[in-house]
């Protein structure tokens with residue numbers, strides 16, 4: 018009898034201890050909000066990842082120090098999609114179901130983004146995009162739980178076309194990776210350019226596959242048509258590799274390359290970057306003159322002893338939107354937060370911005386300039402004579418979006 022009592026007492030003690038552990042876990046879960054980040058850490062996404070990570074971690078550190086979201090601390094859970102859409106979709110599902118993430122941060126690759134956003138829609142969880150920017154995300158694949166703070170492919174393609182159409186150029190070439198982002202960018206650029214400048218012609222187009230690293234066969238094909246401007250949707254490591262390989266051919270002696278010259282790409286090329294190339298970028302810290310940007314750059318420089326790339330700035334900006342939406346909703350629940358996104362205004366690092374209610378696209382434009390040396394930045398070139406092309410000048414109208422969705426129901 019005594020042994021039985023001891024045994025029962027032991028079992029009871031184990032149960033009580035287990036319940037205590039479960040209770041502690043439940044309390045911790047109630048005090049924390051998990052944010053799942055579907056990153057693209059390798060390949061041509063590697064340089065983006067470092068900058069994104071710094072912007073995200075800086076925001077979370079600052080926000081937790083000031084009370085988090087509605088008194089709850091933020092916890093980042095990161096996964097690597099490796100630029101693969103199927104992997105990205107599986108990770109989004111795992112982050113929501115297993116890790117219990119309330120919000121998702123989108124990837125670098127637009128192909129991965131299109132896969133991940135479907136999962137967010139299925140589970141009615143917020144996902145935002147700060148780097149991946151296919152226009153499909155805010156048009157045919159739109160859902161109320163997503164938002165985008167990076168200029169999409171339509172804004173970029175039409176934006177640079179709008180700028181170039183005011184120049185005397187007539188003969189154009191194109192090079193872009195053969196996937197969603199490259200084709201979206203190309204289509205928006207071509208349609209806008211030819212509409213704005215009927216005398217312009219795109220006389221040559223080449224489409225390398227994602228992951229190609231030798232552009233030797235494409236460069237002579239482009240040069241054979243003597244284009245005045247080559248518009249490119251190459252990015253990151255692919256773009257810097259193309260430029261390095263094109264220099265010995267003399268491509269840039271007669272032709273300018275108009276492409277995405279973000280800070281990480283400019284740093285990667287350093288002094289090898291040719292001068293006087295007419296390009297654009299998404300969020301250049303050195304050309305955005307706002308108090309918010311100045312304060313951010315000072316904090317970033319102090320923390321990382323470095324300058325913030327576009328990717329750090331836009332990731333941080335996306336989290337600013339999320340915080341404003343949570344505060345506006347008075348809740349951390351994705352369903353309630355999604356309703357607060359419609360027409361939401363916030364103090365962006367780029368100045369006051371808003372999310373258009375019909376597509377949750379932020380009114381963020383592109384910044385166009387020419388590559389040049391600057392004594393303040395000895396290790397890399399920047400864009401000079403920068404002009405902003407506002408989103409409102411070139412983004413799809415609401416009627417155009419509605420018509421497109423009607424043709425492509427989801």
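Residue numbers (this note's numbering): 18 to 427. Glycine included, every Cβ here is placed at the ideal spot set by N, Cα and C. Because the structure is a prediction, the values reported are computed rather than measured.
Task: Status (buried if at least 16 other CB within 10 Å, exposed otherwise) for residue 132 - done: Position 115 of the chain shown holds residue 132. Burial call: buried.
Task: Per DSSP, the bridge partner or partners of residue 298 - done: Along the chain shown, one-based indexing puts residue 298 at 281. 384.
Open item on the list: For a minimum of 4 consecutive residues, which ranges assigned as the alpha helix (DSSP H) are wholly contained in the region 43 to 113?
Closed with: 63 to 82
- [ ] Would you check if the region 252 to 272 and the region 56 to 76 touch, i.e. whether three or more CB-CB distances between them fall below 8 Å?
- [x] yes
- [ ] Express the C-alpha separation of residue 269 and residue 247 in angstroms, rounding to a whole number.
- [x] The residue given as residue 247 occupies position 230 in the chain shown. The residue given as residue 269 occupies position 252 in the chain shown. Residue 247 and residue 269: Cα-Cα distance of roughly 10 Å.
Open item on the list: Whole angstroms are fine: how far does the CA of residue 308 sit from the CA of residue 41?
Closed with: Position 24 of the chain shown, counted from the start, is the residue given in the question as residue 41. Position 291 of the chain shown, counted from the start, is the residue given in the question as residue 308. Any reading at residue 41 needs caution, since the residue's pLDDT is 45, under 50, leaving its predicted position unreliable; the model's value is listed next. Cα to Cα, residue 41 sits roughly 43 Å from residue 308.
- [ ] Check whether the Cβ atoms of residue 399 and residue 303 sit closer than 8 Å, and answer yes or no.
- [x] The sequence position of residue 399 within the chain shown is 382, counting from 1. The sequence position of residue 303 within the chain shown is 286, counting from 1. Yes, Cβ-Cβ distance for residue 399 and residue 303 is below 8 Å.
Task: Per-residue burial, residue 100 [other beta carbons within 10 Å of its own, 16 or more giving buried] - done: Numbered from its first residue, the chain shown carries residue 100 at position 83. It is buried - the Cβ of residue 100 has at least 16 other Cβ atoms within 10 Å.
Open item on the list: Helix, strand or coil, according to DSSP, for residue 370 in the structure here?
Closed with: Locating residue 370 in the chain shown gives position 353, where the first residue counts as 1. If DSSP states are grouped into helix, strand and coil, residue 370 belongs with the strands.
Open item on the list: To the nearest angstrom, how far is the alpha carbon of residue 85 from that of residue 60?
Closed with: Along the chain shown, one-based indexing puts residue 85 at 68. Along the chain shown, one-based indexing puts residue 60 at 43. So the alpha carbons of these two residues sit roughly 33 Å apart.
Task: residue 234 classed as buried or exposed, judged by whether at least 16 other C-beta atoms fall within 10 angstroms - done: Along the chain shown, one-based indexing puts residue 234 at 217. Exposed.
TODO: Could you check what DSSP says for residue 39 in three-state terms: helix, strand or coil?
DONE: Here residue 39 is taken as the residue at index 22 of the chain shown, counted from 1. Because residue 39 carries a pLDDT of 45, less than 50, the predicted location of this residue cannot be relied on, and no value is offered for it.
- [ ] Could you spell out where the beta strand (DSSP E) holding residue 396 opens and where it closes?
- [x] Taking the chain shown and counting its residues from 1, the one referred to as residue 396 is at position 379. Here the beta strand (DSSP E) through residue 396 covers 394 to 406.
Task: One or two residues paired with residue 188 in a DSSP bridge - done: As a first step, residue 188 is located in the chain shown; it is residue number 171 there, counting from the start. 218.
Open item on the list: Taking its Cβ as the centre, do 16 or more other Cβ atoms sit within 10 Å of residue 312, making it buried, or is it exposed?
Closed with: Here residue 312 corresponds to residue number 295 of the chain shown, with the count starting at 1. With fewer than 16 other Cβ atoms within 10 Å, it is exposed.
TODO: Pick helix, strand or coil for residue 165, following the three-state DSSP scheme.
DONE: By one-based count along the chain shown, residue 165 stands at place 148. Here residue 165 sits in strand by DSSP.
Task: Residues sharing a beta bridge with residue 364, DSSP - done: Walking along the chain shown from the start, residue 364 turns up at place 347. Paired residues: 369.
Open item on the list: Just list the residues that DSSP pairs residue 391 with in beta bridges.
Closed with: To locate residue 391, count along the chain shown from 1; it is residue 374. In DSSP, residue 391 forms a bridge with 394.
Task: For residue 351 and residue 162, believed in contact at Cβ under 8 Å, the rounded distance - done: The sequence position of residue 162 within the chain shown is 145, counting from 1. The sequence position of residue 351 within the chain shown is 334, counting from 1. Confirmed, Cβ separation roughly 6 Å.
- [ ] Could you spell out the range, first to last residue, of the beta strand (DSSP E) harbouring residue 345?
- [x] Numbered from 1 along the chain shown, position 328 holds the residue referred to as residue 345. Residue 345 -> not in any beta strand (DSSP E); alpha helix (DSSP H) instead, spanning 327 to 346.
Open item on the list: Let me confirm a value: residue 423 is counted as buried when at least 16 other C-beta atoms fall within 10 Å, else exposed. Which label applies?
Closed with: The count along the chain shown starts at 1 and reaches residue 423 at position 406. Burial call: exposed.
Open item on the list: Please state the DSSP three-state secondary structure of residue 206.
Closed with: Taking the first residue of the chain shown as 1, we reach residue 206 at position 189. Three-state DSSP puts residue 206 in a helix.
Open item on the list: Using 8 Å as the threshold, is the C-beta distance between residue 120 and residue 339 below it?
Closed with: In the chain shown, residue 120 corresponds to position 103, counting from 1. In the chain shown, residue 339 corresponds to position 322, counting from 1. Yes, they are a contact pair.
Open item on the list: Going by DSSP in three states, residue 235 sits in which element: helix, strand or coil?
Closed with: Taking the chain shown and counting its residues from 1, the one referred to as residue 235 is at position 218. Note: residue 235 maps to helix in three-state DSSP.
Task: Reference residue 377, options 215, 410 and 415, closest by Cα - done: The sequence position of residue 377 within the chain shown is 360, counting from 1. The shortest Cα separation from residue 377 among 215, 410 and 415 belongs to 415.
Task: Chain-order list of residues whose beta-carbon lies under 7 Å from that of residue 387 (same chain, five-residue window excluded) - done: Sequence index remark: in the chain shown, residue 387 carries index 370 (1-based). Within the same chain, residue 387 has close Cβ partners 293, 294, 295, 400, 401 and 402.
TODO: Check whether the Cβ atoms of residue 152 and residue 51 sit closer than 8 Å, and answer yes or no.
DONE: Along the chain shown, one-based indexing puts residue 152 at 135. Along the chain shown, one-based indexing puts residue 51 at 34. Contact: no.
Task: 8 Å contact criterion, which residue 408 and residue 168 should meet: CB distance rounded - done: Translated into positions along the chain shown, residue 408 becomes position 391. Translated into positions along the chain shown, residue 168 becomes position 151. Residue 408 to residue 168, Cβ: 6 Å. Contact.
Task: residue 121, enclosing beta strand (DSSP E) - first and last residue - done: On the chain shown, residue 121 is found 104 positions in, with the first residue counted as 1. Element bounds for residue 121: 120 to 122.
Task: Any beta strand (DSSP E) of 3 or more consecutive residues that is wholly inside the region 233 to 280 - done: 246 to 249 and 273 to 275
Task: Given 8 Å, three or more beta-carbon pairs between the region 138 to 153 and the region 75 to 85 - done: no
- [ ] Could you spell out the range, first to last residue, of the alpha helix (DSSP H) harbouring residue 146?
- [x] Along the chain shown, read from residue 1 onward, the residue named residue 146 stands at position 129. No alpha helix (DSSP H) holds residue 146; the beta strand (DSSP E) holding it covers 143 to 146.
Task: C-alpha gap between residue 224 and residue 286, whole angstroms - done: For the purposes of this step, residue 224 is taken as the residue at position 207 of the chain shown. For the purposes of this step, residue 286 is taken as the residue at position 269 of the chain shown. About 23 Å.
Task: Buried or exposed (CB count within 10 angstroms, at least 16 for buried), residue 87 - done: Looking up residue 87 in the chain shown gives position 70. By the 10 Å Cβ count, residue 87 comes out exposed.
TODO: Would you give the residue range spanned by the alpha helix (DSSP H) that residue 226 belongs to?
DONE: Translated into positions along the chain shown, residue 226 becomes position 209. Looking at the DSSP string, residue 226 is not in any alpha helix (DSSP H), and its letter there is neither H nor E.
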